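Below you'll find the structure, written out as structure tokens, and then a few comments.
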Amino acid sequence: MSVTTPAVPPVTTGGTRPGPPDPVSGRAGAPGRRAVRRRRLIAAVFLLPALLLLGALVAYPIVFSVFRSLYDASGNTFVGVDNYSQMFQDPATLRAIRNSAIWVVFAPALLTGLGLVLAVLTEKIRWKTAFKLLMFMPMAISFLAAGIIFRLAYEQDPQRGVLNAVTVGIHDSFQGEAASFPTAKTRIGDKQLVQGKDGSYATARRVGPGDTVNLGLVGVAPTDMPKEAKPAAKAARTPAADGELRGVVFLDFTPGGGGKPGVVDRTERGLPRLAVEAVGPHGKVAAHGTTGPDGSYRLTGLAKGSYTVRLPAADFAPPYQGVSWLGPALITPAIIGAYMWIWTGFSLVLIGAGLSAMPRDVLEAARMDGANEWQVFRRITVPLLAPALGVVFVTMVINVMKVFDLVYIIAPGPVQQDANVLALQMWLVSFGGGNNQGLGSALGVLLLLLVVPAMALNIRRFRRSQS
Amino acid sequence: MTTVQQAAAPSRRTTAPAPAKRAAKRPAKRLSSSLIQALLIIIGLVWLTPAAGLFLSSLRSEEANASSGWWQALTSPGQLSFENYSALLKDSGIVQAFWNTVLISVPTTIAVVVIAALAGYAFAWLDFPGRDWIFLLVVAMLVVPVQIGLLPVAKMFGALGLFGSIPGVVLFHTAYGLPFAIFLLRNFFAEIPKEMLEAARMDGGGEWRIFSQLVLPLGKPAIASLAIFQFLWVWNDMLVALLFADNESQPLTVALQSQMRQFGSNIGVLAPGAFLSLIVPLVVFFAFQRQFVQGIMAGSVK
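Chains A and B, in that order, give the protein sequences. Each residue of the first sequence is one higher than the last, beginning at 443 in this note's numbering. Each residue of the second sequence is one higher than the last, beginning at 469 in this note's numbering.
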């Protein structure tokens, strides 16, 4: 597996491998049994440190874990496969298994796909080395540092998290010019406006076309007033024509005092960019309008009748705060995103190496025969790259099953359970408060079993490369 | 994406003589090529942004970070200062953790390289019963998750008094680094021409001399890749040290993760701390790009 990539010079699988030494000719002329014993002794000395460490710290723990997983939390009572059946009943472990499955289904496929697309695209530019270097850089840093980087990027507050700053920016630019004043409300004792159940405000009195209706609100702090807001007094006195309703929506508050409640005083400013609606007798919206910088609005095209003027709930809605990346619903996709930031470079470089080793003349011949780029990509590039794609994919599957640090770091405490994965659950159960080493061992064994296919694949490839 | 690819032809290595048809395509080709460039520039910027965000945050005061985003620093660079870093370097816990990281990574790297080189040589060129069979076991161990070792080894180290100490962390890392290291070096050593070794043996060179004066020098490229890869792997580890190190022996990653609980208020420590922890890997990465890339690629599937 690790040896099949053409980009790894030290361990190519070419036919020139000299192979292990021939046991007979290895030592020409050595006299018999004593020499054999001596050779074995030397081999033992060379191997001893490695085998000691591997035996004690890798092989023995596997055996130990298998046995330990058959005992309960205390380790005194033999419980058979209870720990394994408990794994699929315990809701926390079940969620970890489900999340790990999500990881395995999406992350390797996304990474391989993205790496493939980027590798093909970078082939066509001159600064591809610089680009690959940039994409590969995250591979060098720790999951902890990457976790901190993304914890910051995913911050909910659009004032701090760059991702939500962008999201809110895009959202607001699609939303158009509408403003809202979440803190605005009517003056206490105001009889003119009544609040609806949905948070909107409407006139208590019914009005008709030709009326001028000035709506006063309070509760907007001077710092929250948009810069464009202008005094509303002049617009407030403009008479309405037939078939229209007009007036101003204004902040009924004179800084420094002296204003009269319910009256548009000289310095009082309009509330710009608010939606205003005329609502007919049956609750049907008959006309829409938006306030100008001086707070003025016009609702035109109204038939005779009685209406209420309404400021819809959106006028008082809190501003859009972006996406809750670190909330329970999106936490796993968010962490997969961070993981892709780290590993895309790996996928790109490996697939890119396969791509540059590809025979150019095959591609050129196909192009000469009139194949378009998509056909070349689909029918030639991808099939020829299959080995590299396979290596990336399998590597990622194995890595993804063991993902721990990134989840541990990025998921905030309260949503850790929602982001849980097998390796993390194994940690939490064994050491992080769960303290159930029986179940912990069972989870460790499960992790091991999950990589057994990769183990078999490794052995098979190695044997094939030897023969 | 597909339209871009459809129109794009390779900008280089066009060996065939350009027929008329191709010439006609040229403006379209140039357009799609600049589209690709634009796309890749955007992707590159997207990749840079999160890291740049952390870096700029690490240079801003606690108050500035609490009230506004790091991108504000792009328009008012006056708010940038090294105060967080100087405060961090006065924090004895963090400095200790940094040296612990060094004391864990360097010995582990040396131990892995030495032990794996010995074993790799034995597997490649010495003859003993069961050699291939044992080596297959090592190949099988390539993908064994470290998680399986945590609990049993913790118990063992507890009994040996190694738990919560730097030697314990080093031993654990060394053991789990060995399968890949042995695999890599054995395969590399096996490529050495047989005649060279036989000639050396004819000359009466002992195995140790052949190993140290012939095989090690020839194996330098693989050893370099391995050492860099192993160093970074251990430097960046958190999981193993989280369990096996105590407060006195914890590396930077563990010291920093304990601050994650109050992420918002600790950003003044976490951001420069994260940079302190990643500056060494980045320097290694830029200094040894080639060996690093080779090491990582050879390590795929690990």
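Idealized CB from N, CA, C, for every residue including glycine. Quantities reported herein were computed from a predicted structural model and do not represent experimental measurements.
| Query | Result |
| --- | --- |
| Short Cβ contact (9 Å threshold) for A671 of chain A with D757 of chain A | no |
| CB contact check: G546 of chain B to chain A, cutoff 9 Å | no |
| Touch test, the segment 809-820 of chain A against the segment 518-537 of chain A, Cβ-Cβ under 8 Å, three pairs minimum | no |
| Those residues which DSSP pairs with R688 of chain A across a bridge | A:T654 and A:R740 |
| Cβ of D532 of chain A within 9 Å of any chain B Cβ | no |
| Distance between beta carbons of L646 of chain B and I578 of chain B, contact taken as under 8 Å | Actually they are not in contact, since the Cβ atoms of I578 of chain B and L646 of chain B sit about 13 Å apart, beyond 8 Å. |
| Touch test, the segment 776-790 of chain A against the segment 573-587 of chain A, Cβ-Cβ under 8 Å, three pairs minimum | yes |
| Integer Cβ distance of V606 of chain B from F651 of chain B, believed to fall under 8 Å | 6 Å |
| DSSP state of Q601 of chain A mapped onto helix, strand, coil | coil |
| Three-way DSSP call (helix, strand, coil) for L635 of chain A in this model | strand |
| Members of the segment 607-637 of chain B near chain A, C-beta cut-off 9 Å | V607, A608, M609, L610, V611, V612, P613, V614, Q615, I616, G617, L618, L619, P620, V621, A622, K623 and M624 |
| For V893 of chain A and V466 of chain A, the rounded distance between their alpha carbons | Interpretation of V466 of chain A is limited by its pLDDT of 43, a score under 50 that renders its predicted location unreliable; no figure is taken from the coordinates. |
| Selection of the segment 859-887 of chain A by Cβ proximity to chain B, strictly under 9 Å | L864, A865, M868, W869, S872, F873, Q879, G882, S883, L885, G886 and V887 |
| CB-CB length for V660 of chain A against L693 of chain A, believed under 8 Å | 7 Å |
| Segment contact flag, the segment 609-618 of chain A with the segment 689-704 of chain A, C-beta cutoff 8 Å, min 3 pairs | no |
| Backbone secondary structure at Y762 of chain A - three-state DSSP | coil |
| E719 of chain A - containing beta strand (DSSP E), residue span | A717 to V721 |
| Y502 of chain A at chain B interface by Cβ criterion, 9 Å | yes |
| Chain A contact for A739 of chain B (CB, 9 Å cutoff) | yes |
| Cβ pair count under 8 Å reaching 3, the segment 658-673 of chain B against the segment 725-740 of chain B | no |
| Where Y502 of chain A sits in the DSSP three-state scheme | helix |
| Minimum Cβ-Cβ distance from N715 of chain B to chain A less than 9 Å | no |
| Members of the segment 701-729 of chain B that neighbour chain A once the beta carbon cut-off is set at 7 Å | N704, M706, L707, L711, T721, L724, Q725, M728 and R729 |
| Where the beta strand (DSSP E) through G731 of chain A begins and ends | V727 to T732 |
| Test: R821 of chain A CB closer than 9 Å to a CB of chain B | no |
| Within-9 Å CB hit, L594 of chain B to chain A | yes |
| Proximity below 9 Å, CB of V637 of chain B to CB of I572 of chain B | yes |
| As assigned by DSSP and simplified to three states, the class of G812 of chain A | coil |
| Beta-carbon proximity list for I660 of chain B, same chain, < 6 Å, skipping 5 on both sides | L686 |
| Proximal residues to G794 of chain A (C-beta, below 7 Å), its chain only, five neighbours per side dropped | A561, T564 and K574 |
| Alpha-carbon to alpha-carbon, V839 of chain A and V580 of chain B | 26 Å |
| Start and end residues, beta strand (DSSP E) containing P752 of chain A | Correcting the residue identity first, residue 752 of chain A is Arg in this sequence and not Pro. Unbroken beta strand (DSSP E) run through R752 of chain A: T750 to L753. |
| Buried versus exposed call for R758 of chain B [16 or more other C-beta atoms within 10 Å across all chains shown] | exposed |
| K844 of chain A at chain B interface by Cβ criterion, 9 Å | yes |
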